[in-house]
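Inspection log for the structure reproduced underneath, given as structure tokens.
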Amino acid sequence: MEKFTLSPETHTGLVTIAVSSLDRSLEYYQQSLGFQVLEQSAQSALLGAGDTALLALVEQEQAQPQPPHTTGLYHFAILVPSREDLAYVVLHLAQSRTPVDGMADHLVSEAFYLSDPDGNGIEIYRDRPRSEWPMKENEVQMANAPIDVDALLAEAQSQNRPWNGLPAGTRLGHMHLRVADIQKAEEFYHDLLGFDIMQSWRGALFVSAGGYHHHIGLNTWESQGAPPPPSNAVGLRFYTLQLPNDAELERIYERLRTTSYLVERSDDHTLALRDPFGNGLLVTSVPITTLATIQAGLQ
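Just so we're aligned: 619 in my numbering is position 8 of the sequence shown, and the numbers increase by one with no gaps anywhere.
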């Protein structure tokens, strides 16, 4: 198969997760994290920052926790525009006593990690300027260094900025997925879809379009050889890969239709498929902005 590269304008768009209680999850995402509800139905809600949709919650009937040693969501990552914005969010987390699972300076970014009431992993982070990203032999160098939280909180307090939810310009920066086999993940995300490999490290692979440090993280740390979770488990339903135009969508469609992967096409702007590990993916040339579109993607 010939080498295929994604448009450098490609990015992640929106993530849909299943939860056991919509009401409980809405309280967490609104009160603790500052998401705004853009649209809501009896069993689902579309959340975002400003008018930008970032996250859809779908209540799963007879939901069960995601079993250990299964593939699926590791975390979804919310990217805020600046370090000042990250400080602003972290101060709110501290003042609202929202539990934080961990934090790290990844050299390319500074990140805080949390879990929602169902255990779905969340990252909130800010990027350093690309000119500061350490590179070696065409691979970005990421690490897990400590963050000076006191300095970050002091910066937030000096802003004297009242809490008003996630700042404008916040978006879904990347996805990090549990997979069963790194080689198969590379074959799907790099060889087939055309992501560039940005780092391969200790049972993990990080790929992107346009030179970003990573749009998709993939790891086997707790899922080597693992099956997908049960259909009624909480966790990832699908995430979207946002293309710049319909021509790019057609280019990917023509490539995918020659493979053994089942590709469903509900309209002229959206392709639905699953990676080798059962993780749902919508490839779209227009942003998803309604629950109706999300429900179509769940079919």
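Using N, Cα and C, we set each Cβ at its ideal position, and we do this for glycine too.
- Of the residues assessed, Arg789 falls on the buried side of the cut-off, its CB having 16 or more other CB atoms within 10 angstroms.
- Within the same chain, Cβ atoms closer than 6 Å to the Cβ of Leu860 are found at Leu854, Ser896, the five residues on either side in sequence being excluded.
- Distance check between Gly645 and each of Tyr823, Val845, Leu637 places Leu637 closest, using alpha-carbon atoms only.
- Only buried fits Ala656, as 16 or more other CB atoms lie within 10 angstroms of its CB.
- Separation of the CB atoms of Leu617 and Ala820 is rounded to 4 Å, and the pair is thereby assigned contact status at 8 Å.
- Thr621 counts as buried, since no fewer than 16 other beta carbons sit within 10 angstroms of its beta carbon.
- Three or more Cβ pairs closer than 8 Å define a contact, and the segment 735-747 meets that threshold against the segment 682-695.
- Around the Cβ of Leu625, a 10 Å sphere holds 16 or more other Cβ atoms; the residue is buried.
- Cβ-Cβ distances below 6 Å link Thr709 to Ser643 in the same chain, with the five nearest sequence neighbours on each side left out; the list follows chain order.
- With contacts defined as CB atoms closer than 8 Å, Ala844 and Pro676 qualify as a contacting pair.
- Setting aside the 5 residues that flank it on each side, Gln835 is surrounded in the same chain by Ala791, Asp792, Gly814, each with a C-beta closer than 8 Å to its C-beta; the list follows chain order.
- Exposure of Pro757 is indicated by the presence of fewer than 16 other C-beta atoms within 10 angstroms of its C-beta.
- In the three-state reduction of the DSSP assignment, Asp886 falls in the coil class.
- Counting only runs of 3 or more residues that sit fully inside the segment 839-894, the beta strand (DSSP E) segments are 846-853, 875-878, 881-885, in chain order.
- Distances from the alpha-carbon of Lys795 to those of Lys747, Thr831, Thr900, Trp774 put Thr831 closest.
- Rounded to the nearest whole angstrom, the CA to CA distance from Ala765 to Met714 is 17 Å.
- Around the C-beta of Arg782, 16 or more other C-beta atoms lie within 10 Å, and the residue is accordingly described as buried.
- Within the same chain, Cβ atoms closer than 8 Å to the Cβ of Ser726 are found at Pro710, Asp712, Gly732, Ile733, the five residues on either side in sequence being excluded.
- Gln677 has no beta-bridge partner at all, per DSSP.
- Excluding its 5 nearest sequence neighbours in each direction, Trp774 has C-beta neighbours in its own chain below 6 Å: His703, listed in chain order.
- With respect to Met809, His787 sits apart: the two C-beta atoms are not nearer than 8 Å.
- With 16 or more other CB atoms across the displayed protein chains lying within 10 angstroms of its CB, Arg848 is buried.
- In the three-state reduction of the DSSP assignment, Gln810 falls in the strand class.
- Residue Ala698 holds the alpha-carbon nearest to the alpha-carbon of Asp761 among Ala698, Lys747, Pro887.
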